[in-house]
Amino acid sequence: MIYTCYEMVRDCREGRPEGWTHFISHYVPVIRKALAHYAPERADDPALLDHVLATVRKPESFLFHSTAPPEERWFVAHLRQLIVAELAAGAAEIPIDLETLTAALGPLTMTEKQAAWFETMRYSPAQAGPMLRVSPGTVEKVRDRAAELIRGKVDSWRRTLLAENGPALGREAAASETKDCLPTKAFLDVVDGRTTWRDREMMDRHLQTCWHCVDHFCRMLEVVHLLRDSQPLTEAESEPFCALLGVAAPKRAGWKRFVGGA
Ligand SMILES: [Zn+2]
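Numbered per numbering that gives the first Met the number 0, the sequence shown spans residues 0 to 261.
This is how it looks when you write it as structure tokens:
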């Protein structure tokens with residue numbers, strides 16, 4: 000029997016242990032992968048993972064407050080936003096904003112903008128290339144060009160400017176949604192090869208001037224990357240996290256134990 004993400008979210012909301020045990024076994028590996036990427040120096044700290052899990056469990060978490068149909072990739076995209084927000088990176092030494100990026104990177108195409116944007120998300124050309132279906136060498140060339148274009152628009156500059164400003168740019172992009180912005184489904188349609196040539200043209204045009212959607216598109220490609228080859232935890236591996244969240248571990252869960260312990 001297939002247990003869907005939709006059912007998981009519903010069960011978590013209703014406080015059923017099967018929702019939370021599924022969340023732990025399937026998404027702790029995804030959280031670990033995201034932490035290893037965004038906080039490599041702290042990724043081995045178990046307190047960080049515990050903190051993220053406790054945050055998902057809080058009643059104010061996205062899990063309890065979204066009305067969108069919880070498809071797995073949608074769920075992981077929200078999870079990623081929560082993780083990055085919890086990491087709360089400090090301000091960059093040389094700050095830049097989206098307005099500067101718009102002015103500098105105007106000449107780039109949609110895919111080129113994405114190649115540059117993935118740098119703010121700390122993905123190397125070797126990682127971003129496959130996500131964009133271009134060669135790492137192409138990503139590298141685009142980034143060199145983007146770096147020069149930005150350099151021409153700012154007073155102080157260094158090559159790591161985009162990566163250092165990543166968290167702040169990501170927050171600014173997420174907050175700058177307009178009425179013309181595309182829904183998550185539009186980007187997933189591209190990922191799944193379901194988009195028409197005309198839709199793609201419209202998307203190209205919109206993303207030409209919208210960092211919110213460039214970011215959104217990149218984050219959906221990132222979700223596919225985060226889920227790829229992800230192996231669920233075993234029951235034994237899940238147990239400490241079930242204990243942390245106060246969820247009855249699988250198999251030992253049940254009314255008898257619950258009633259008996261009350
Ligand atoms: Zn947009």
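Here a beta-carbon is modelled for each residue, glycine too, at the ideal position from N, C-alpha and C.
Since the model is a prediction, treat every value here as computed from it, not as a measurement.
Next on the checklist: At the level of alpha carbons, what is the spacing between E147 and R121?
Outcome noted: For the purposes of this step, residue 147 is identified with residue 148 of the sequence shown, where counting begins at 1. For the purposes of this step, residue 121 is identified with residue 122 of the sequence shown, where counting begins at 1. So the alpha carbons of these two residues sit roughly 18 Å apart.
Checklist entry - Between C4 and ligand 1, is the CB less than 8 Å from at least one heavy atom? => result Numbered from its first residue, the sequence shown carries residue 4 at position 5. False, no ligand heavy atom lies under 8 Å from that Cβ.
Next on the checklist: At a cut-off of 8 Å, would you count D179 as near ligand 1, judging by its Cβ distance to the nearest heavy atom?
Outcome noted: Taking the first residue of the sequence shown as position 1, residue 179 is located at position 180. Checking every heavy atom of ligand 1 against the Cβ of D179, one is found closer than 8 Å.
Checklist entry - Are three or more beta carbon pairs between the region 23-40 and the region 235-249 nearer than 8 Å? => result yes
Checklist entry - Expressed to the nearest angstrom, what Euclidean distance is found between the alpha-carbon atoms of I82 and E236? => result Stepping through the sequence shown from its first residue, residue 82 is reached at position 83. Stepping through the sequence shown from its first residue, residue 236 is reached at position 237. When rounded, the distance between both Cα atoms is 21 Å.
Checklist entry - From Q230, L244, V223, A247, pick the residue whose C-alpha is nearest to that of E70; which is it? => result Taking the first residue of the sequence shown as 1, we reach residue 70 at position 71. Of the listed residues, the one whose Cα sits closest to E70 is V223.
Checklist entry - Got a sec: does ligand 1 put a non-hydrogen atom nearer than 8 Å to the Cβ of H205? => result Taking the first residue of the sequence shown as 1, we reach residue 205 at position 206. Within the cutoff, so yes.
Next on the checklist: Which residue wins for smallest C-alpha separation from R142, given the options V189, G165, F117, C217?
Outcome noted: In the sequence shown, the residue the question calls residue 142 occupies position 143. When each option's Cα is compared against that of R142, the closest is F117.
Next on the checklist: Would you say the beta carbon of C217 is closer than 8 Å to some non-hydrogen atom of ligand 1?
Outcome noted: Numbered from its first residue, the sequence shown carries residue 217 at position 218. No - ligand 1 has no heavy atom lying nearer than 8 Å to the Cβ of C217.
Next on the checklist: Within 10 Å of its beta-carbon, does A261 have 16 or more other beta-carbons around it, so buried, or fewer, so exposed?
Outcome noted: Position 262 of the sequence shown, counting from 1, holds the residue named residue 261. Confidence at A261 is low in this model, with a pLDDT of 33, below 50, so its placement is unreliable and no value can be given for it.
Checklist entry - Using the rule of at least 16 other Cβ atoms within 10 Å of the residue's Cβ for burial, across every protein chain shown, is P182 buried or exposed? => result Reading the sequence shown from its first residue, position 183 is the one you call residue 182. The residue is exposed, with fewer than 16 neighbouring Cβ atoms inside 10 Å.
Checklist entry - Does DSSP classify R12 as helix, strand or coil? => result Position 13 of the sequence shown, counting from 1, holds the residue named residue 12. R12: helix per DSSP, three-state reduction.
Item to check | D44, DSSP secondary structure in three states | outcome: In the sequence shown, counting from the first residue as 1, residue 44 sits at position 45. The answer is coil: DSSP assigns D44 none of H, G, I, E or B.
Next on the checklist: Can you find the residues in the same chain that come closer than 8 Å, C-beta to C-beta, to E13, ignoring five residues on each side of it along the sequence?
Outcome noted: Here residue 13 refers to the residue found at position 14 when the sequence shown is read from its first residue. Cβ within range, chain order: n/a, list empty.
Checklist entry - Relative to the C-alpha of E163, which residue among L107, W73, Y37, S134 is closest? => result The count along the sequence shown starts at 1 and reaches residue 163 at position 164. Checking every option, the nearest Cα to that of E163 belongs to Y37.
Next on the checklist: What residue range does the alpha helix (DSSP H) around R284 cover?
Outcome noted: It is not possible to answer for residue 284, since the shown part of the chain is limited to 0 through 261.
Next on the checklist: Between H77 and ligand 1, is there a pair consisting of the residue's CB and a ligand heavy atom that are separated by less than 8 Å?
Outcome noted: As a position in the sequence shown, residue 77 is number 78, starting the count at 1. No, ligand 1 has no heavy atom inside 8 Å of this Cβ.
Checklist entry - Helix, strand or coil: how does DSSP classify V246 here? => result Your numbering for residue 246 matches position 247 in the sequence shown. It is coil, neither helix nor strand.
Item to check | Own chain partners of G151 with C-beta closer than 8 Å, once the 5 adjacent residues on each side are dropped | outcome: Within the sequence shown, residue 151 is the residue found at index 152, counting from 1. Here the set comprises A103.
Checklist entry - Could you check where the alpha helix (DSSP H) with R193 kicks off and where it finishes? => result Here residue 193 corresponds to residue number 194 of the sequence shown, with the count starting at 1. Careful: R193 lies outside any alpha helix (DSSP H) and carries neither H nor E.
Next on the checklist: Tell me which residues share the same chain as C4 and place their Cβ nearer than 7 Å to its Cβ, disregarding the 5 neighbours each side in the sequence.
Outcome noted: The residue given as residue 4 occupies position 5 in the sequence shown. Closer than 7 Å at the Cβ level, and outside the excluded window around C4, lie P69, E70, E71, F74.
Checklist entry - Around the C-beta of M0, are 16 or more other C-beta atoms found within 10 angstroms, so that it is buried, or is it exposed? => result Sequence index remark: in the sequence shown, residue 0 carries index 1 (1-based). Exposed, by the Cβ-count rule.
Checklist entry - Where do the ends of the alpha helix (DSSP H) carrying P166 lie? => result To locate residue 166, count along the sequence shown from 1; it is residue 167. Element bounds for P166: 165-174.
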